[in-house]
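Student:
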Amino acid sequence: MGSPDVMMIRADVSKVEDCKRFVDEAMKHFGQLDHLVNNAGIPCVCLLEEAPNISDLNSVVDINFWGSVYGTYFAVPHLRKTQGKIIVISSAAGRFLCPRASIYGASKAALISLYDSLRIEFGSDIGITIVTPGLVKSEMTTGELRSKAKVESLPVESTEDCAKAVVDSACRGDRYLVEPSWVGIVFLFKLLCPEVLEWCLHGLLFSSAARNLKKAA
Numbered sequence: 313m314g315s316p317d318v319m320m321i322r323a324d325v326s327k328v329e330d331c332k333r334f335v336d337e338a339m340k341h342f343g344q345l346d347h348l349v350n351n352a353g354i355p356c357v358c359l360l361e362e363a364p365n366i367s368d369l370n371s372v373v374d375i376n377f378w379g380s381v382y383g384t385y386f387a388v389p390h391l392r393k394t395q396g397k398i399i400v401i402s403s404a405a406g407r408f409l410c411p412r413a414s415i416y417g418a419s420k421a422a423l424i425s426l427y428d429s430l431r432i433e434f435g436s437d438i439g440i441t442i443v444t445p446g447l448v449k450s451e452m453t454t455g456e457l458r459s460k461a462k463v464e465s466l467p468v469e470s471t472e473d474c475a476k477a478v479v480d481s482a483c484r485g486d487r488y489l490v491e492p493s494w495v496g497i498v499f500l501f502k503l504l505c506p507e508v509l510e511w512c513l514h515g516l517l518f519s520s521a522a523r524n525l526k527k528a529a
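Going letter by letter, the sequence shown gives residues 313 to 529 in the numbering used here.
1. By the three-class DSSP mapping on this structure, what secondary structure does residue 432 have?
2. Below 8 Å, how does it come out for the segment 391-402 and the segment 337-349: are there three or more Cβ pairs, yes or no?
3. At what residues does the beta strand (DSSP E) containing residue 445 begin and finish?
4. With DSSP as the reference, identify every bridge partner of residue 350, one or two as the case may be.
5. What is the rounded straight-line gap between the Cα of residue 435 and the Cα of residue 364?
6. How about residue 419 and residue 372: are their beta carbons less than 8 Å apart?
7. Alpha carbon to alpha carbon, what distance is there between residue 448 and residue 496?
8. Can you name the start and end residues of the alpha helix (DSSP H) that residue 361 belongs to?
9. How big is the Cα-Cα spacing for residue 319 and residue 333?
10. Excluding sequence positions up to five away, which residues of its chain have a Cβ less than 7 Å from the Cβ of residue 367?
11. In three-state terms, what does DSSP make of residue 306?
12. Is the segment 469-488 close to the segment 378-393, with three or more CB pairs under 8 Å?
13. I need the DSSP call for residue 448, collapsed to helix, strand or coil.
14. Residue 491 bridges to which residues according to DSSP?
15. May I ask you to report which of helix, strand or coil DSSP gives residue 461?
16. In whole angstroms, give me the CA-to-CA distance for residue 438 and residue 515.
17. Please classify residue 505: is it buried, with 16 or more other beta-carbons within 10 angstroms of its beta-carbon, or exposed?
18. First and last residue of the alpha helix (DSSP H) that includes residue 340?
19. May I ask you to list the residues that DSSP assigns as paired with residue 469?
20. In angstroms, rounded to a whole number, what distance separates the CA positions of residue 353 and residue 500?
21. Quick one: what's got a C-beta closer than 8 Å to residue 268's C-beta in the same chain, skipping five residues either side?
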């Protein structure tokens, strides 16, 4: 990219050998590792029973969850030496109810549980910031995917604003970042009124499906 401080490494994070390679190449180029950002992810929007092939859902967990595990495993020895930081890009879906995105949400919830536990294992040697963003402008929040997930009415944050919030949070050493902040209100609603929230989401999901059937007819 024209800068000696930037490397581009092509890798598939669902493959153990690729994750080892990009950590090794980064160490060879820079001589040390200060940060690891686990942000690889793919969407999965469908009702579980509508999945064409249940085995196809493995890729969601392989990339969203295991991709972070593999990279972390190989980076940890180097991060301990520098007292570095791990930034984990989970999702609001990992803390919220996600009909039509249950496997995606589960993969992101697994990240939160994993890194909460690793924070104890690593102690003060390695800092961990877990980010749970809402909808952020990307190829994963295009009109088609948002429509399938029934979240067309929710606001989408710009990539730049979200990235700045993540960098600032990591620099402060925050344990958690909810971005944008209003998403935290939804988490609180789930905690205090789970039955009401389930009822509302069920109604939203299946009333939308009924309207679509009427239009098709």
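Think of the CB as a built atom: it goes at the ideal place given N, C-alpha and C, for glycine as much as any other residue.
Tutor: Walking through what the data contain:
1. Residue numbering aside, residue 432 sits at position 120 when the sequence shown is read from its first letter. Helix, per DSSP.
2. yes
3. As a working mapping, residue 445 is identified with position 133 in the sequence shown. 439-445 is the extent of the beta strand (DSSP E) around residue 445.
4. Locating residue 350 in the sequence shown gives position 38, counting from the first residue. Paired residue(s): 400.
5. Locating residue 435 in the sequence shown gives position 123, where the first residue counts as 1. Locating residue 364 in the sequence shown gives position 52, where the first residue counts as 1. Going from the Cα of residue 435 to the Cα of residue 364 covers about 43 Å.
6. Looking up residue 419 in the sequence shown gives position 107. Looking up residue 372 in the sequence shown gives position 60. Contact: yes.
7. Here the question's residue 496 lines up with position 184 in the sequence shown. Here the question's residue 448 lines up with position 136 in the sequence shown. Cα to Cα, the separation comes out at about 15 Å.
8. For this step, residue 361 is matched to residue 49 along the sequence shown. Premise fails: residue 361 is in no alpha helix (DSSP H) and is neither H nor E.
9. In the sequence shown, residue 319 corresponds to position 7, counting from 1. In the sequence shown, residue 333 corresponds to position 21, counting from 1. Taking the straight line joining both Cα atoms gives about 13 Å.
10. Mapped onto the sequence shown, residue 367 falls at position 55. Excluding positions up to five away in sequence, the list is empty.
11. Any property of residue 306 remains undetermined from this structure, which presents the chain solely from 313 to 529.
12. no
13. Locating residue 448 in the sequence shown gives position 136, counting from the first residue. Reduced to three states, the DSSP call for residue 448 is strand.
14. By 1-based counting over the sequence shown, the position of residue 491 is 179. For residue 491, which the question treats as bridged, DSSP gives the partners 445.
15. Numbered from 1 along the sequence shown, position 149 holds the residue referred to as residue 461. Low confidence applies here, because residue 461 scores a pLDDT of 48, under 50, leaving its location unreliable; read the following figure in that light. Helix.
16. Along the sequence shown, read from residue 1 onward, the residue named residue 438 stands at position 126. Along the sequence shown, read from residue 1 onward, the residue named residue 515 stands at position 203. Using only the alpha carbons, I get a separation of about 44 Å.
17. Position 193 of the sequence shown holds residue 505. Looking at its Cβ environment, which holds fewer than 16 other Cβ atoms inside 10 Å, residue 505 is exposed.
18. Taking the sequence shown and counting its residues from 1, the one referred to as residue 340 is at position 28. 328-342 is the span of the alpha helix (DSSP H), which, as asked, contains residue 340.
19. The residue given as residue 469 occupies position 157 in the sequence shown. Residue 469 is bridged to 448.
20. The residue given as residue 353 occupies position 41 in the sequence shown. The residue given as residue 500 occupies position 188 in the sequence shown. Rounded to whole angstroms, residue 353 to residue 500 spans 25 Å at the Cα level.
21. Here the chain covers residues 313 to 529 and nothing more, so residue 268 does not appear.
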